[in-house]
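Chemist: Sharing a structure with you now.
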């Protein structure tokens with residue numbers, strides 16, 4: 031019995047329990063992690079499957095190279111945390127910008143096919159921006175739990191998430207600069 035109770039002194043057990051509760055609890059009315067991931071893969075990735083190497087393999091190889099070169103330390107964690115905080119405000123602003131485009135598009139008269147294309151484009155963009163916010167929160171969580179689970183694997187995960195976030199940011203930047 032003492033051995034069982036001594037296992038609950040390990041912080042990793044509590045981390046695992048916390049993430050299991052987040053993913054599988056009945057709080058989906060308020061926090062829907064699975065829905066954000068499902069929308070990203072259904073609406074953006076499945077329709078644009080050719081982006082898979084750039085969206086996932088590029089960040090994987092870049093994170094491996096970076097992790098082999100430099101393990102994350104406290105000063106780098108601070109930089110990542112500040113950068114993510116700034117980017118999150120950008121993503122929320124971005125969502126409202128594209129919501130305004132979608133709202134104004136619904137009031138226009140004109141070619142129904144063009145309006146549908148614009149709505150699909152805006153829906154995809156909003157899904158990517160929502161996914162970016164989710165990835166930002168995930169990076170912040172990883173930065174906060176890094177002192178508990180430090181090492182090359184955790185460094186690699188943080189680097190991957192950060193590079194994946196930046197690649198998705200390039201998608202949003204392209205959509206922002208393109209003509210609707």
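In this note's numbering, the protein residues as written are 31 to 210. All C-beta atoms, glycine included, are put in the ideal place defined by N, C-alpha and C.
(1) DSSP on residue 110, reduced to helix/strand/coil?
(2) Starting from the Cα of residue 61, find the closest Cα among 207, 167 and 97 and give me that residue.
(3) Could you give the residue range of the alpha helix (DSSP H) that holds residue 41?
(4) For a test of the three-state rule: what should DSSP assign to residue 103, helix, strand or coil?
(5) Between the alpha carbons of residue 5 and residue 63, how many angstroms are there, rounded?
(6) Is there contact between the region 64–77 and the region 141–154, where contact requires at least three CB pairs shorter than 8 Å?
(7) Report the rounded CA-to-CA distance for residue 52 versus residue 142, giving the unit in angstroms.
(8) Kindly confirm or deny that the region 93–101 and the region 197–207 touch, where touching means at least three C-beta pairs closer than 8 Å.
(9) Who are the Cβ neighbours of residue 121 in its own chain at under 6 Å, not counting the five residues just before and after it?
(10) Less than 8 Å between the beta carbons of residue 173 and residue 188, yes or no?
(11) Rounded to a whole number of angstroms, what is the C-alpha to C-alpha distance between residue 81 and residue 193?
(12) What does a CB cutoff of less than 8 Å around residue 67 pick up in its chain, not counting 5 residues either side in sequence?
(13) What does the alpha-carbon distance come out to for the pair residue 107 and residue 47?
(14) If you draw a straight line from the alpha carbon of residue 207 to that of residue 39, how long is it in whole angstroms?
(15) At which residues does the alpha helix (DSSP H) containing residue 184 begin and terminate?
(16) Report the option in 147, 175 and 54 whose CA atom is closest to the CA atom of residue 111.
(17) Would you say residue 85 and residue 197 are within 8 Å of each other, going by their C-beta atoms?
(18) Pull up the distance between the alpha-carbon of residue 171 and that of residue 54, whole angstroms please.
Modeler: Reading from the atomic positions:
(1) On the chain shown, position 80 is the one that residue 110 refers to. Residue 110: helix per DSSP, three-state reduction.
(2) Here residue 61 refers to the residue found at position 31 of the chain shown. Comparing Cα positions, the closest option is 167.
(3) Taking the chain shown and counting its residues from 1, one reaches residue 41 at position 11. Per DSSP, residue 41 belongs to the alpha helix (DSSP H) from 41–54.
(4) Position 73 of the chain shown, counting from 1, holds the residue named residue 103. Residue state, collapsed to three classes: coil.
(5) With the chain covering only 31 through 210, there is no way to say anything about residue 5.
(6) yes
(7) Here residue 52 refers to the residue found at position 22 when the chain shown is read from its first residue. Here residue 142 refers to the residue found at position 112 when the chain shown is read from its first residue. Computed Cα separation, rounded: 41 Å.
(8) no
(9) For the purposes of this step, residue 121 is taken as the residue at position 91 of the chain shown. Once the five neighbours on either side are set aside, the close Cβ partners of residue 121 are 159, 162 and 163.
(10) Position 143 of the chain shown, counting from 1, holds the residue named residue 173. Position 158 of the chain shown, counting from 1, holds the residue named residue 188. Their beta carbons are under 8 Å apart, which means residue 173 touches residue 188 by this criterion.
(11) One-based indexing of the chain shown puts residue 81 at position 51. One-based indexing of the chain shown puts residue 193 at position 163. So the two alpha carbons sit approximately 15 Å from each other.
(12) Within the chain shown, residue 67 is the residue found at index 37, counting from 1. Contacts found: 161 and 164.
(13) Residue numbering aside, residue 107 sits at position 77 when the chain shown is read from its first letter. Residue numbering aside, residue 47 sits at position 17 when the chain shown is read from its first letter. Cα to Cα, the separation comes out at about 24 Å.
(14) Counting from 1 along the chain shown, the entry for residue 207 is found at position 177. Counting from 1 along the chain shown, the entry for residue 39 is found at position 9. The alpha-carbon atoms of residue 207 and residue 39 are separated by roughly 51 Å.
(15) As a first step, residue 184 must be located in the chain shown, where it is residue number 154. Start and end: 182–207.
(16) The residue you call residue 111 lines up with position 81 of the chain shown. With distances taken between Cα atoms, residue 111 lies closest to 175.
(17) By 1-based counting over the chain shown, the position of residue 85 is 55. By 1-based counting over the chain shown, the position of residue 197 is 167. Yes; because the gap between Cβ atoms is below 8 Å, this pair is in contact.
(18) Walking along the chain shown from the start, residue 171 turns up at place 141. Walking along the chain shown from the start, residue 54 turns up at place 24. The straight-line gap from Cα to Cα measures roughly 18 Å.
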